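Peer 1: Take any residue in the sequence shown, note its place counting from 1, add 183, and you have its number in the working numbering.
Glycine included, C-beta positions come from ideal geometry on N, C-alpha and C.
Quantities reported herein were computed from a predicted structural model and do not represent experimental measurements.
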Amino acid sequence: MENNELVAVRILDRPIIVPAMSPRIGTNINGPSLIRVPSWIERPLARYYLYFAHHRGDHIRLAYADHLIGPWAIYEDGVLPLSQSGFTHHLASPEIVVDHEKKQIRMFFHGGDEIKNQFTRLATSPDGLHFTAQPDNLMNPYARLFTYGSWVYAITMPGTIYRSSDGLSGFTAGPTLFSPNMRHCAVWLEDSVLHVVYSNRGDAPECLLYARVPLDGDWLTWREGPSRILLAPERDWEGGRLPIEPSVIGPADKPVRQLRDPAVYEEDGRRYLIYSVAGEAGLALAEILSGQP
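#1: If you drop the 5 nearest sequence neighbours on each side, which residues of the same chain put their C-beta closer than 8 angstroms to that of glutamate 428?
#2: Counting only runs of 4+ residues fully inside the segment 322–354, write out the alpha helix (DSSP H) ranges in chain order.
#3: Look at proline 341 and threonine 404 and say whether their C-beta atoms are less than 9 angstroms apart.
#4: Thinking C-alpha only, which one of Tyr393, Arg453, Arg406, Pro426 is nearest leucine 414?
#5: Quick check on this structure: which residue in Leu468, Arg453, Arg454 has the alpha carbon closest to the alpha carbon of valine 460?
#6: Taking 9 angstroms as the threshold (C-beta atoms), are proline 445 and tyrosine 381 in contact?
#7: What's the C-alpha gap between histidine 272 and histidine 237?
#8: Have a look at the DSSP bridge pairing and note the partners of threonine 315.
#9: How many Å lie between proline 476 and valine 190 at the Cα?
#10: Okay, do the segment 367–386 and the segment 349–358 touch, 3+ Cβ pairs below 8 angstroms being the bar?
#11: Which residue comes first and which comes last in the beta strand (DSSP E) that contains proline 438?
#12: Could you give the first and the last residue of the continuous beta strand (DSSP E) run that contains methionine 290?
#13: Among residues of its own chain, excluding the 5 on either side of leucine 312, which ones have a beta-carbon nearer than 7 angstroms to its beta-carbon?
#14: So, are the CB atoms of tyrosine 234 and isoleucine 279 less than 9 angstroms apart?
#15: Between isoleucine 127 and aspartate 310, which are expected to be in contact by the criterion C-beta below 8 angstroms, what is the C-beta distance as a whole number of angstroms?
#16: Report yes if the C-beta of histidine 250 is less than 8 angstroms from at least one heavy atom of the ligand FMN; otherwise report no.
#17: Given this structure, state the Cα-to-Cα distance separating asparagine 181 from proline 277, to the nearest angstrom.
#18: On the criterion of 16 or more Cβ atoms from any shown chain inside 10 Å, does glutamate 284 qualify as buried, or is it exposed?
#19: Return helix, strand or coil for glutamate 188, following the three-state DSSP convention.
In structure tokens, the structure reads:
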């Protein structure tokens, strides 16, 4: 699949998650991770669980729905409160991995004891609602995981790749790809090519970019290919009428003309994109399709 064959098509002309859904989630919405609830979980809230975060969150947020387009409802209790995370400052960026063999939901999340001291840790759950956090700092924050060969890999901010033999511990740092301004990413694997959707701090406007990483040879030699814009903030609810200004590091406390925090979900041969709109003012849904070169 060539780089210029991919297009992202909005499924709805509105966000699927907005602050007005619940005062519990706040006005800063980012870091999505979507799963279909496994059949081995008894009495689930709905067919889909959408985990997400607040940049200064005191818990991980959760929405649930029977259809991807919604209607979505907020699980008011949230999951993994800060007091049970092992961190003291905040926690965010859930990355959900389902282990069907062990019947376990794994959540990689980041947090810190201060804003400049942030790491990714792991929490596990039997039902996707009640998580037990582990104390080990595994890697840099904002991890997205994928399995290739006999290794589990993760890309963290800003583009540093780690790998682990069991996907639970012993993550070793390898090459750093992309630029120091890389913010957050989403990934999927096809054969020996890693597809990456990401955004860059400082872009004007900040857009969702797409690039490929051929996984050839030694992992320490992996390099990204050229990138291009996959989706830009064009709709009003994406900040499309707001001023074009360079984005900055940290939270967006008011709507801005930016798209951030992509996540990818695959089901029945279709690939969906969940992303933060107007900076961090909500979450929206698109589909990634093969277009015409």
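Peer 2: In short, the structure shows the following:
#1: Ala387, Pro388, Val439, Arg440, listed in sequence order.
#2: Listed in chain order, nothing qualifies, since the segment 322–354 has no complete alpha helix (DSSP H) run of 4 or more residues.
#3: Against a cut-off of 9 angstroms, the Cβ pair of threonine 404 and proline 341 comes out as no contact.
#4: Selection Tyr393, Arg453, Arg406, Pro426 evaluated against leucine 414 yields Tyr393 as nearest (Cα-Cα).
#5: Measuring from the Cα of valine 460, the nearest candidate turns out to be Leu468.
#6: Closer than 9 angstroms, so yes.
#7: Counting only the Cα atoms, histidine 237 lies some 12 angstroms from histidine 272.
#8: Bridge partners of threonine 315: Thr307.
#9: With a pLDDT of 41 at proline 476, under the threshold of 50, the modelled position of this residue cannot be trusted, and the question is left open.
#10: Output reads no: the segment 349–358 does not touch the segment 367–386.
#11: Run containing proline 438: none; DSSP gives neither H nor E here.
#12: Per DSSP, methionine 290 is one residue of the beta strand (DSSP E) stretching across 287–297.
#13: If we look at leucine 312 and ignore the five residues flanking it on each side, its Cβ neighbours are Val262.
#14: Cβ atoms of tyrosine 234 and isoleucine 279: closer than 9 angstroms.
#15: Here the chain has residues from 184 to 476 only, and residue 127 is not among them.
#16: Among the components modelled here there is no ligand, and therefore nothing to report on the ligand FMN.
#17: Outside the shown range of the chain (184 to 476) lies residue 181, about which nothing can therefore be said.
#18: Classification for glutamate 284: exposed.
#19: Helix at glutamate 188.
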